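Asks: Please see the structure below; I have some questions.
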Amino acid sequence: MEEKKQELHDRMPELVAKSKELSDRAKMVYMAVYSRRKRFNDTRPSDSRLAIEIGRNIDYVQRGLKELQEMKLIERRLYRNAVTKQVKKRVIVLRSLKPLQT
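Numbering of the sequence shown is given in my numbering, commencing with residue 298 and proceeding in unit increments.
This is how it looks when you write it as structure tokens:
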């Protein structure tokens, strides 16, 4: 049986790719989040899924997500169980790229 080869990522927005304000880590993580959103309409990728897609560890992804959140390029929303307060799901929202426009 012939196996189809898939591309892992779509092109990231040019403002992100050319930004001097973002680290390479943040750009890689943004690319993975952006790709999951565009290709699969996935707003809930786990840290481990993102790590697998970019070939890095979970700590790398978490630091990249934190940087993106600080730059206001993403928003991380946690939805908790009302009784147990445990996280039911985490959603990553892609925000406007205006903070990168100067």
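Just so you know, even glycine gets a beta-carbon here, dropped at the ideal spot from N, CA and C. Just so it is clear, the structure is predicted and the values come from calculations on it, not from any experiment.
Look at the alpha carbon of residue 393 and the alpha carbon of residue 370, and state the distance between them as a whole number of angstroms.
Replies: 6 Å
Asks: How many Å lie between residue 383 and residue 338 at the Cα?
Replies: 25 Å
Asks: If you run the structure through DSSP and keep just helix, strand and coil, what is residue 341?
Replies: Under the three-state reduction of DSSP output, residue 341 falls in the coil class, being neither helix nor strand.
Asks: Give the secondary structure of residue 372 by DSSP, where H, G and I count as helix, E and B as strand, and everything else as coil.
Replies: In the structure shown, residue 372 sits in a strand (DSSP, three-state: E or B).
Asks: Who are the near neighbours of residue 302 in its chain, counting only those whose CB is closer than 6 Å to its CB and skipping five residues on each side?
Replies: Low local confidence applies: a pLDDT of 41 at residue 302 is under 50, so the model's placement there is unreliable, and no value is given.
Asks: From this set, 323, 380, 385, 335, which residue's C-alpha is nearest residue 368's C-alpha?
Replies: Considering only alpha carbons, the answer is 323.
Asks: Taking all protein chains shown into account, do 16 or more other C-beta atoms lie within 10 angstroms of the C-beta of residue 390, making it buried, or fewer, making it exposed?
Replies: exposed
Asks: Assuming residue 374 contacts residue 358 under a Cβ cut-off of 8 Å, what Cβ separation, rounded to an integer in Å, is found between them?
Replies: Incorrect: roughly 17 Å between the Cβ atoms, too far for contact.
Asks: Quick check on residue 390: does DSSP put it in helix, strand or coil?
Replies: Here residue 390 carries a strand assignment [DSSP, helix/strand/coil].
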